[in-house]
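Report on the following structure.
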Ligand SMILES: [Zn+2]
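Structure follows, in structure tokens:
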């Protein structure tokens, strides 16, 4: 999950497609990924929970992006391991999470949200 997030930040489309489960690949993946990467300025990633059992894993995360107010992609993603490689299968969109203004900012600045990326 973290490596896919980094690939989104860096615009590494080849990696994003390589780690997408082959059954889920579509002809327009590259176009859609390129559009998403161009349109989105990611600010940080918060992993909420991570569960794995055998060759299946679920990762619930929030990826924050620049917007007014700050945007959240809150998703529960499903991964499957085949021949020693983990693939992203799909994900369910969840409602934005509530943030405390006193918690450490998701952008990794080390400052509290209220002194950093507060959108209130
Ligand atoms: Zn911040």
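Numbering (this note's numbering), first residue to last: 361 to 480.
Using N, Cα and C, we set each Cβ at its ideal position, and we do this for glycine too.
Excluding five sequence neighbours on each side, which residues of the same chain lie with their C-beta closer than 8 Å to the C-beta of residue i?
| i | result |
| --- | --- |
| residue 390 | 373 and 377 |
Report the option in the options whose CA atom is closest to the CA atom of residue i.
| i | options | result |
| --- | --- | --- |
| residue 364 | 386, 387 and 402 | 402 |
| residue 444 | 395, 379, 451 and 404 | 379 |
| residue 431 | 466, 471 and 383 | 466 |
| residue 450 | 472, 424, 417 and 478 | 417 |
| residue 382 | 420, 447 and 476 | 447 |
| residue 459 | 438, 452, 429 and 440 | 429 |
| residue 369 | 384, 386, 437 and 399 | 399 |
| residue 415 | 440, 425, 393 and 471 | 440 |
Considering only residues of the same chain and omitting the five flanking positions on each side of residue i, which have a CB-CB separation below 6 Å?
| i | result |
| --- | --- |
| residue 397 | 371 |
Output needed for residue i: all residues of its chain with C-beta closer than 7 Å, excluding positions within five of it in sequence on either side, in chain order.
| i | result |
| --- | --- |
| residue 468 | 404 |
The alpha helix (DSSP H) that contains residue i, what's its start and end?
| i | result |
| --- | --- |
| residue 363 | 362-370 |
| residue 443 | Element bounds for residue 443: n/a, residue is neither H nor E. |
| residue 380 | Careful: residue 380 lies outside any alpha helix (DSSP H) and carries neither H nor E. |
| residue 390 | 389-399 |
State the CB to CB distance for the pair residue i and residue j, rounded to an integer number of angstroms; the pair is presumed to be in contact (CB under 8 Å).
| i | j | result |
| --- | --- | --- |
| residue 411 | residue 422 | Not a contact, Cβ separation roughly 16 Å. |
| residue 454 | residue 435 | 6 Å |
If you follow the beta strand (DSSP E) that residue i is in, where does it begin and where does it stop?
| i | result |
| --- | --- |
| residue 407 | 402-413 |
| residue 417 | 416-425 |
Indicate, with yes or no, if ligand 3 has a heavy atom lying under 7 Å from the CB of residue i.
| i | result |
| --- | --- |
| residue 417 | Summarising the ligand content, the structure contains ligand 1 and does not contain ligand 3. |
Open item on the list: I need the residues with a C-beta less than 6 Å from some heavy atom of ligand 1; please give them in chain order.
Closed with: 465, 467, 469, 476 and 477
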